[in-house]
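Novice: Residues in the sequence shown are numbered consecutively from 3, following this note's numbering.
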Amino acid sequence: MIFDHHALIPQIRIGNDDLNSEQAEHAGLILTQSEEKTAEGVYLRLSLVNRSGKAVRLEKFNWHYSGSGQDFLQTAGIRAYLEGWQMATPCGVRCLGDKDYQFDPDYLKYAVAEPEDYSQGVNHFRAEHVVMFHNSVCCETLLFGFVTSADQFGHFKFELCENGVKSLDIRSSCDGMLIENGDTASSEVLAIMSGTDGYDLLRRFADIWAKRMHARTFMKPPVGWCSWYYYFAKVREEDILENADFIAAHKDDYPLQYIQLDDGYQSAAGDWLMCNEKFPHGLGDLAAKIREKGFIPALWFGPFIAEENSVLLKEHPEWMIHDADGKIIMEFHWRQHMAAVLDGTHPGVQKHFKEMFAQIRELGFDYIKLDFMFLASAMRHGVLHDPHATRAQALRRGLAAIREGFGDDGYILGCTVPFGPVVGLVDGERISTDITPYWAPEKWFDEAPTVTNVCRNVIRHTYMNKLLWNNDPDTLIVRDDNTKLTEKEVNLWYQAVRLSGGMLMLSDRFSTLRPERAVLPISLLKEPDAYETQPGDFWSNEVPAVWCAKHRKTGVSETGLFNFTDSSRNINGTVVPPHSCRIITMK
């Protein structure tokens, strides 16, 4: 091991006070650390016993590194890999002189676990779930990552300096949960690992994480069609049936399993079983018609949202997350309305989820896409029904209730959900922000939907695929109507989806898809999820331009050279025009 873990000082935060073991003991709080050493690395866990004679509010467990002495982290030129909290949160490499990613200020609280730890100061960074530090001189990489994640969010705050890492805090967040006198609490398990290949190190870490969390990877990645990226919220019942009819009539070209209705069918967010006027025959009738055509019905939800005009909110205000004064928190904008957030620790919410998703299954839907899941954990100032619970537990308990109601054999796709608590409950996971029918908006944020941001997270997150879940890179769109993407940009996205693997969902309107564009999904459907791919320029490019792929069956290697810039680039000796890619095959 290239790092001595004894350089990490165990701490807890009670209220606003950071206490080491000795200080905690003086307050009647016994802080201990357990250690496990294996061939893969060292595993640490902190535990707290409350013997203070009163209940206390535990904010977080913490390991603090002060940057003193001579060790691996005290090396000039260190680069850091920052993992993101959820699919849209940017992930990538930072070094001395850089700043953290730039977020839309209105989205920050949904993009990171601890917004108060975020800084736009030079050399100040935060990461979620896992962080790596790389020394390019000796080619060694050090990884810190949480291999359990059901109960607390693991995150990292650090500062770089000319000599390496100036300071590092490794935190397992408890969110002020109440620890009664005599009770014990423990952190998540922190792994410390090292290796010479950063991507391989992430795969090894993900394998351990997956095994400890009993990840669900036994279900085959779905292949299907999704309504969102052509129709968006304007989708109608006849749109779903039109496309289902087309696919059924062209089964040889489009051997799809699933037809997924996305957002736009509900009367209000929260009233998921009540359809609006665009779906006059209801969900059960639609599911039956989809099955008659030979497909499996799939459906989208935002389960933790309760729109202000919803029946759910009017009938069950007690199910919502409240503030300290007992008022329902209404700070999330849902189109023209405000929305409350369901409290996953409330028994009524859990019962509601079990019953509703059991009913969804009875209606004929075997696949569900769960969106806006970060809301369950994003209300930092919210008061949960269970004062002994964390934000991570609020999310996981709600999702566990959904899983129980929907059944173990139903396919659940997580979307905009913090990665940690859902491992072991979802079958698939979106790993990037939304693909867009345009290259980029005028105003750029690093988490915003753009083709570049999508591709950055897709290639960075290939280490998760088939270990934590089936990756979902987002839908393949190739059309030339209802889009601003050029032919080169469409081909770039097609190659990104083809090489990255995982789930494959199409999202064009088939009746307007011209034959010269249709050849792309038709060819990909002949052999979906065929490659194992990793970034060949992991440490050297912020957005990896070299995608190294190997065919799982034939062993044939391909290299994708991606140019996300606005001018031509020479990538590994090949000139690649802007917004395009080149594929090199090596047999």
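Yeah, the Cβ is synthetic: ideal placement off N, Cα and C, and Gly gets one too.
#1: Starting from arginine 500, follow the alpha helix (DSSP H) in both directions and report where the run begins and ends.
#2: Mind checking whether leucine 301 and isoleucine 370 have CB atoms under 7 Å apart?
#3: Secondary structure at glutamate 518, three-state DSSP: helix, strand or coil?
#4: DSSP three-state call for glutamine 72: helix, strand or coil?
#5: Taking isoleucine 323 and valine 343 to be in contact with their CB atoms under 8 Å, please state how far apart those CB atoms are, rounded to whole angstroms.
#6: Please classify alanine 129: is it buried, with 16 or more other beta-carbons within 10 angstroms of its beta-carbon, or exposed?
#7: For glutamine 72, does the count of other Cβ atoms within 10 angstroms reach 16, so buried, or fall short, so exposed?
#8: Cβ atoms of threonine 143 and glycine 200: under 7 Å apart, would you say?
#9: For a test of the three-state rule: what should DSSP assign to lysine 236, helix, strand or coil?
#10: For glycine 366 and glutamate 357, what's the separation of their Cα atoms in angstroms?
#11: Let me know the secondary structure DSSP gives histidine 318 once reduced to three states.
#12: If tyrosine 109 and glutamate 449 are in contact, beta carbons under 8 Å, what's the gap, nearest whole angstrom?
#13: Just the C-alpha distance for proline 443 and threonine 514, rounded to the nearest angstrom, thanks.
#14: Compare the Cα-Cα distances from glycine 156 to each of Val133, Ser169, Arg214 and Glu164 and report the closest residue.
#15: For the region 393-405 and the region 98-106, state whether three or more C-beta atom pairs, one from each stretch, are separated by less than 8 Å.
#16: Only counting the same chain, and skipping five residues up and downstream in sequence, which positions put a Cβ closer than 6 Å to that of serine 36?
#17: For alanine 547, which of helix, strand or coil comes out of DSSP?
#18: Identify, in the order they occur along the chain, each residue of the same chain with its Cβ nearer than 8 Å to the Cβ of histidine 383, setting aside the five sequence neighbours on each side.
#19: Go ahead and pull the three-state DSSP assignment for methionine 340.
#20: Cutting at 6 Å between CB atoms, please list the residues of its own chain near proline 223, excluding the five before and the five after it.
#21: Report the CB separation of tryptophan 65 from proline 12 in whole angstroms; it is logged as a contact under 8 Å.
#22: To the nearest angstrom, how far is it from the Cα of asparagine 165 to the Cα of isoleucine 80?
#23: For lysine 329, which three-state DSSP category applies?
#24: Around the C-beta of isoleucine 586, are 16 or more other C-beta atoms found within 10 angstroms, so that it is buried, or is it exposed?
#25: Are the beta-carbon atoms of glutamate 85 and cysteine 93 separated by less than 7 Å?
#26: Would you identify the three-state DSSP class for arginine 27, choosing helix, strand or coil?
#27: Just to confirm, are arginine 405 and leucine 372 a CB contact at a threshold of 7 Å?
#28: Where do the N-terminal and C-terminal ends of the alpha helix (DSSP H) with arginine 399 fall, by residue?
#29: Quick check: the Cα distance between leucine 50 and threonine 34, rounded to an integer number of angstroms?
#30: Measure the beta-carbon distance from glutamine 352 to alanine 403 and round it to whole angstroms, keeping in mind my assumption that it falls under 8 Å.
#31: Out of Lys528, Glu544, Val548 and Ile249, which has the shortest C-alpha to C-alpha gap to proline 537?
#32: If you measure between the beta carbons of leucine 469 and alanine 208, is that distance less than 7 Å?
#33: Would you mind listing the alpha helix (DSSP H) stretches within the region 250-331 that are 4+ residues and don't spill past its ends, in chain order?
#34: On the DSSP bridge list, what partners appear for tryptophan 65?
#35: Spell out the partners DSSP gives tryptophan 227 in its beta bridges.
#36: Does tryptophan 211 come out as helix, strand or coil in the three-state DSSP assignment?
Specialist: So, from the data block:
#1: 489-502
#2: yes
#3: helix
#4: coil
#5: 5 Å
#6: buried
#7: exposed
#8: yes
#9: helix
#10: 15 Å
#11: coil
#12: 6 Å
#13: 25 Å
#14: Val133
#15: no
#16: Arg47
#17: coil
#18: Asp325, Ala326 and Ile331
#19: strand
#20: Asn472, Gly504, Met505 and Asp531
#21: 6 Å
#22: 9 Å
#23: coil
#24: exposed
#25: yes
#26: What sits at residue 27 in the sequence shown is glutamate, not arginine. Helix at glutamate 27.
#27: no
#28: 393-408
#29: 7 Å
#30: 4 Å
#31: Val548
#32: yes
#33: 284-294 and 313-317
#34: Pro12 and Ile172
#35: Ile261 and Leu508
#36: helix
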